[in-house]
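Undergrad: The listed protein sequences derive, respectively, from chains A and B.
Counting from 5, one number per residue, gives the positions in the first sequence under the numbering used here.
Counting from 5, one number per residue, gives the positions in the second sequence under the numbering used here.
Each residue gets a CB set at the ideal place from its N, CA and C atoms; glycine is no exception.
Once you've had a glance at the structure underneath, I'll fire off some questions.
Protein chains: 2
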Amino acid sequence: MLLHSVAVSIDGYNPNDYPPFAVTVDLVVLTVRPPNLKVLLTQRGESPAKGSWALPGGFVGSEQDLIDAAQSKLTDKTGIQVAEAHLEQLGTFGAPKRDPRMRIVSVAYLALVADPPEPELDEASWHRVDGLSDRSLAFDHSEILAKGVERARSKLEYTTLATSFCGAEFTVAELRSVYEAVWGTELDAANFHRKVMATDGFVEATGRTESAGRGRPARTYVASDARDLHPPIVR
Amino acid sequence: MLLHSVAVSIDGYNPNDYPPFAVTVDLVVLTVRPPNLKVLLTQRGESPAKGSWALPGGFVGSEQDLIDAAQSKLTDKTGIQVAEAHLEQLGTFGAPKRDPRMRIVSVAYLALVADPPEPELDEASWHRVDGLSDRSLAFDHSEILAKGVERARSKLEYTTLATSFCGAEFTVAELRSVYEAVWGTELDAANFHRKVMATDGFVEATGRTESAGRGRPARTYVASDARDLHPPIVR
DNA sequence: CCAAAAGTGTTAAGCCTACACCCATGT
DNA sequence: ACATGGGTGTAGGCTTAACACTTTTGG
Chain A
5 MLLHSVAVSI DGYNPNDYPP FAVTVDLVVL TVRPPNLKVL LTQRGESPAK
55 GSWALPGGFV GSEQDLIDAA QSKLTDKTGI QVAEAHLEQL GTFGAPKRDP
105 RMRIVSVAYL ALVADPPEPE LDEASWHRVD GLSDRSLAFD HSEILAKGVE
155 RARSKLEYTT LATSFCGAEF TVAELRSVYE AVWGTELDAA NFHRKVMATD
205 GFVEATGRTE SAGRGRPART YVASDARDLH PPIVR
Chain B
5 MLLHSVAVSI DGYNPNDYPP FAVTVDLVVL TVRPPNLKVL LTQRGESPAK
55 GSWALPGGFV GSEQDLIDAA QSKLTDKTGI QVAEAHLEQL GTFGAPKRDP
105 RMRIVSVAYL ALVADPPEPE LDEASWHRVD GLSDRSLAFD HSEILAKGVE
155 RARSKLEYTT LATSFCGAEF TVAELRSVYE AVWGTELDAA NFHRKVMATD
205 GFVEATGRTE SAGRGRPART YVASDARDLH PPIVR
């Protein structure tokens, strides 16, 4: 199990100066299917932890940037276009024994996506976050997931990222259901509406409305352009 | 400059499945020397970027956890005991060409330390953060530093981490000077005092006072035990 | 007309800000 | 006594939270 230095000859570096690592990306892909927050998991097809659930991920190419690796994994697993999702680095996990096979450092990314229509791949499926125990995932993936969920919860407080969970056009009620699913609380519809409207750079009216069957039809909105930036709170 | 797969034989893995990386830690060590925020830098003794300033750091050992590598670098460069400092992961930087020699993924850590007494090592020295331009450091270290400073600024808003910049025993005025240095603003002394006192889990009175020469002596405090947790705001 | 959901008004409580003011010490 | 910094009081403005109320649709 010990890894020794490997012979790779590079100018300016003594080959034995540094130990070799494998670097992977793991993805915490979250979506909201009201009233639940869901995470994308893959079932492991081979040992170790064969048959158990894990976060999607894979090796980083030798000439590939970390974010590019995360983006391509996301598109592979969900078919979601990069422009439609929010993707940010979550943290790096590199305990020596986190993978029993070898020394792997994994850079975790958090993706927030709108609930995708139909075409989920066979290998991957959506799971309720609150139905997973602290140790139900392979390796240290439960820990990574917990950090992703915590990040998502706190980011909704001080950014406008909640719109990443919505489709292109959405109502204020849909946006509210995102907050309710992620936070696991109910929000006052009246105050929520006012708060969203009062926050610059959050949503922009389309002028259209959308009827949900019963009740007064709701106006629809799109996310403002400047959404990833650094806007106000919504609590 | 191309790196190819290396032959390392590990059970369960095909040696050619993954590309080899070197993994390093880089440290953003911040301290406050009122009225300035300072960062610890080392001057590079060899090529590339010989002579220019860089963040302290180094390779992660093959059986070493990431945080352990960061802690030992911190102790090496500052002599500061781990228990006295706050250390948290900041982010991971792994652009393919960030180091011209080879593919290096660097896990950056942020350390907040009290201004150390005397024994600064020769290799490392403290620099005013606001005296550094966007490109004055080697590699992508200016970017890493910027992220560290930003993290420190925002964390002071919603945690009690400011006490990490203070010695074991401090006055409210000293604590205020920390906020003023990190944020680059002046704060109302009266309101600040009230806010700190009203925040549970922030400081605890020692019962002692400390005279700063002129004026009424200030009561001294120590950081509450539960400081890294998740306490209220101080703005 | 009635139920339901969207959206607006209103009011009281709490928080923040500015600044007046008192306290305790060194010179 | 007086200057200096520590610390408390207080009033006005702003934000929040709770909930009454009006609007607009489907049945």
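1) Determine, for E67 (chain B), whether the minimum Cβ-Cβ distance to residues of chain A falls below 9 Å.
2) List, from N- to C-terminal side, the alpha helix (DSSP H) runs of 4 residues or more that fit wholly inside the stretch 29–107 of chain A.
3) Do you know offhand how far A42 (chain B)'s Cα is from V36 (chain B)'s?
4) Going by other Cβ atoms of all chains shown within 10 Å of its Cβ, with 16 needed for buried, is I148 (chain B) buried or exposed?
5) What would DSSP say about P236 (chain B), mapped onto helix, strand or coil?
6) For L114 (chain B), I'd like the list of residues in its chain whose CB is within less than 6 Å of its CB, leaving aside the five on either flank, ordered along the chain.
7) Do you know how far the Cα of E214 (chain B) is from the Cα of A118 (chain A)?
8) If distances are taken between C-alpha atoms only, which option among A:P52, A:D103 and A:V111 comes closest to D69 (chain A)?
9) Any idea what DSSP makes of L141 (chain A), helix, strand or coil?
10) DSSP state of S158 (chain B), grouped into three classes?
11) Using a Cβ-Cβ cut-off of less than 7 Å, give me the residues of the stretch 96–107 of chain A that come near chain B, in sequence order.
12) Measuring CA to CA, which of A:P100, A:S51, A:Q85 and A:A53 is closest to P23 (chain A)?
13) What does DSSP give as the partner residues of E214 (chain B) in its beta bridges?
14) By Cβ distance below 7 Å, which residues in the same chain neighbour M5 (chain A) in space, the five residues on each side in sequence not counted?
15) Under 9 Å, do T4 (chain A) and T189 (chain A) count as touching if we go by C-beta distance?
16) With a threshold of 7 Å on Cβ separation, who are the neighbours of K159 (chain A) within its own chain once the five nearest residues in sequence on each side are excluded?
17) Using only CA atoms, which one of A:G98, A:A58 and A:H90 lies nearest to S66 (chain B)?
18) Tell me the residue span of the beta strand (DSSP E) that contains S129 (chain A).
19) So with CB distances below 9 Å, who are the chain B contacts of L240 (chain A)?
20) Output, in chain order, the set of chain B residues within a Cβ distance shorter than 8 Å of Q93 (chain A).
21) Excluding the five sequence neighbours on either side, which residues of its own chain have a C-beta within less than 7 Å of the C-beta of F206 (chain A), listed in chain order?
22) I want to verify the contact list: residues of chain B whose CB lies under 7 Å from the CB of V153 (chain A), in sequence order.
23) Rounded to whole angstroms, what is the Cα-Cα separation between G82 (chain A) and L59 (chain B)?
24) For F26 (chain A), decide whether its Cβ has a neighbour in chain B, counting only Cβ atoms nearer than 9 Å.
25) Could you tell me which residues DSSP puts in a beta bridge with L114 (chain B)?
26) Assign P221 (chain A) to buried or exposed, taking buried as 16 or more other Cβ atoms, counted over all protein chains shown, within 10 Å of its Cβ.
27) Determine whether the beta carbon atoms of F169 (chain A) and R180 (chain A) lie at a separation below 9 Å.
28) Can you list, in chain order, the residues of its chain with a C-beta nearer than 8 Å to that of Q85 (chain A)? Leave out the 5 residues immediately preceding and following it.
29) Report the three-state DSSP secondary structure of T167 (chain A) (helix, strand or coil).
30) On the criterion of 16 or more Cβ atoms from any shown chain inside 10 Å, does G61 (chain B) qualify as buried, or is it exposed?
31) Alpha carbon to alpha carbon, how far is A185 (chain A) from A172 (chain A)? Give it in angstroms, no decimals.
32) Does DSSP put F174 (chain A) in a helix, a strand or coil?
33) Using a 10 Å radius around the Cβ and a threshold of 16 neighbouring Cβ atoms, would you call A89 (chain A) buried or exposed?
34) DSSP three-state call for E208 (chain B): helix, strand or coil?
TA: Well, looking at it:
1) Judged by the 9 Å Cβ criterion, E67 (chain B) is in contact with chain A.
2) Within the stretch 29–107 of chain A, the runs of alpha helix (DSSP H) that reach at least 4 residues and sit entirely inside it are, in chain order, 70–82.
3) A small fix is needed here, since residue 42 (chain B) is Lys in this sequence, not Ala. Their backbone Cα atoms lie some 6 Å apart in a straight line.
4) Flag for I148 (chain B) reads buried.
5) For P236 (chain B), the predicted model reports a pLDDT of 41, less than 50, meaning its position is unreliable; a value from the coordinates is still stated below. Here P236 (chain B) sits in coil by DSSP.
6) Answer for L114 (chain B): V32, E92, L94, G152 and R155, listed in chain order.
7) Approximately 57 Å, taken between the alpha carbons.
8) Closest option to D69 (chain A), Cα to Cα, is A:V111.
9) Looking at L141 (chain A) - three-state DSSP - the assignment turns out to be strand.
10) S158 (chain B) falls in the helix class under three-state DSSP.
11) Taking 7 Å as the Cβ-Cβ cut-off against chain B, the residues of the stretch 96–107 of chain A that qualify are T96, G98, A99, P100, R105, M106 and R107.
12) With distances taken between Cα atoms, P23 (chain A) lies closest to A:P100.
13) In the DSSP output, where bridge partners are listed per residue, E214 (chain B) has B:A222.
14) In this prediction, M5 (chain A) scores a pLDDT of 31, lower than 50, which makes its location untrustworthy; no coordinate-derived value is stated.
15) Outside the shown range of chain A (5 to 239) lies residue 4 (chain A), about which nothing can therefore be said.
16) These residues qualify, in order along the chain: L165.
17) Of A:G98, A:A58 and A:H90, the residue nearest in Cα terms is A:G98.
18) Residues A128 to R132.
19) With chain A represented from 5 up to 239, any question about residue 240 (chain A) goes unanswered, as that position is not in the structure.
20) Here the neighbours are G95 and T96.
21) Counting only Cβ-Cβ distances below 7 Å, and skipping sequence neighbours, we find T164, V200, S228 and P235.
22) What V153 (chain A) touches in chain B, judged by beta-carbon distance under 7 Å, is nothing: the nearest beta carbon there is about 15 Å away.
23) Note that residue 82 (chain A) is Thr in the sequence shown here, rather than Gly. Roughly 38 Å separates the two Cα atoms.
24) What sits at residue 26 (chain A) in the sequence shown is Ala, not Phe. At least one chain B Cβ lies under 9 Å of A26 (chain A).
25) DSSP output for L114 (chain B) lists B:V32 and B:E92 as bridge partner(s).
26) Looking at its Cβ environment, which holds fewer than 16 other Cβ atoms inside 10 Å, P221 (chain A) is exposed.
27) With a cutoff of 9 Å on beta-carbon distance, F169 (chain A) and R180 (chain A) are scored as not near each other.
28) Contacts found: T79.
29) In the structure shown, the three-state DSSP call for T167 (chain A) is helix.
30) Burial state of G61 (chain B) is buried, judged by a 10 Å Cβ sphere holding 16 or more other Cβ atoms.
31) Rounded to the nearest angstrom, the two C-alpha atoms are 19 Å apart.
32) In the displayed model, F174 (chain A) falls within a strand according to three-state DSSP.
33) Within 10 angstroms of the beta-carbon of A89 (chain A) lie 16 or more other beta-carbons, which makes it buried.
34) It is a strand residue.
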